[in-house]
Each structure stands twice: as structure tokens, then as C-alpha cells.
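Here is the structure we will look at.
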């Protein structure tokens with residue numbers, strides 16, 4: 001999801017989506033990207049079409065392992081959505097969303 005449009009800094013928001021494993025973080029981001037029109041499809045974790053799941057391990061286990069950015073636009077504001085892993089094994093990836 002590459003954004004070619006430029007946004008002034010006062011029109012950018014960054015949101016780290018945090019929660020325990022299986023709580024629906026990736027699904028929420030998929031829905032926000034689809035409803036906002038920044039994605040032309042509503043991806044799904046279960047069938048391997050989620051925008052923020054890229055590695056073979058993520059697809060095989062149907063979980064997020066790496067923190068992955070996505071974005072949505074609403075009323076001229078770019079909302080960066082940081083999809084974070086929910087399992088303790090990948091806490092470092094979730095913490096990187098804070099930086």
C-alpha cells in the first residue's frame with residue numbers, strides 16, 4: 001500500500017493497534033483500509049489475503065509476527081495503522097510500534 005499523496009504533518013495520525021493474540025487487530029486494520037477506500041479488497045487472515053501479513057510464517061500460522069504498517073485516509077487525514085503481533089514471543093515487534 002504505497003501512498004503517493006503528500007500530507008502536511010498536522011494531517012497525519014499514527015495509531016499502534018495493540019491487543020492479545022487473536023483479538024482481531026489485523027482484521028480491524030483490513031476493515032479500516034477497505035472502508036476508507038485505500039484498499040480495493042477486504043483481506044482476510046484465514047485465507048491469507050491480509051494486507052499486513054507478508055511472511056510465509058505469518059501465513060502458515062495465521063498470526064502477525066512482524067509489526068507492519070498500513071494506512072487509511074479519513075477527511076483528508078492520513079491515519080498510519082501499525083499492526084502489531086499479539087503473542088509474547090514477538091513483544092519486541094509490538095514495542096517497535098512505540099518508537
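Residue numbers (the numbering used here): 1 to 99. Every residue gets a Cβ at the ideal spot worked out from N, C-alpha and C, and that includes glycine.
> My guess is that residue 74 and residue 36 are in contact by the Cβ rule of under 8 Å, so how many angstroms apart are they, rounded?
Replying inline: Confirmed, Cβ separation roughly 6 Å.
> Do you know offhand how far residue 49's Cα is from residue 43's?
Replying inline: Rounded to whole angstroms, the separation of the alpha carbons of residue 43 and residue 49 is 5 Å.
> In terms of residues, what are the limits of the alpha helix (DSSP H) holding residue 97?
Replying inline: Counting along the chain, residue 97 falls outside any alpha helix (DSSP H), and DSSP gives it neither H nor E.
> Under three-state DSSP, which class holds residue 82?
Replying inline: Strand at residue 82.
> Taking the beta strand (DSSP E) that residue 74 falls in, what are its first and last residues?
Replying inline: Where residue 74 is concerned, the enclosing beta strand (DSSP E) stretches over 68-74.
>> Assuming residue 16 and residue 82 are in contact, meaning their beta carbons sit under 8 Å apart, how far apart are those beta carbons, in whole angstroms?
In response: At roughly 4 Å, the Cβ-Cβ gap stays under 8 Å, so residue 16 and residue 82 are in contact.
>> On a Cα-Cα basis, can you pick out the residue from 63, 71, 29 and 77 that is closest to residue 85?
In response: Nearest Cα to residue 85 within the set 63, 71, 29 and 77: 63.
> Which partner residues does residue 17 have in the DSSP bridge list?
Replying inline: The partner list for residue 17 (beta bridge, DSSP) reads 83.
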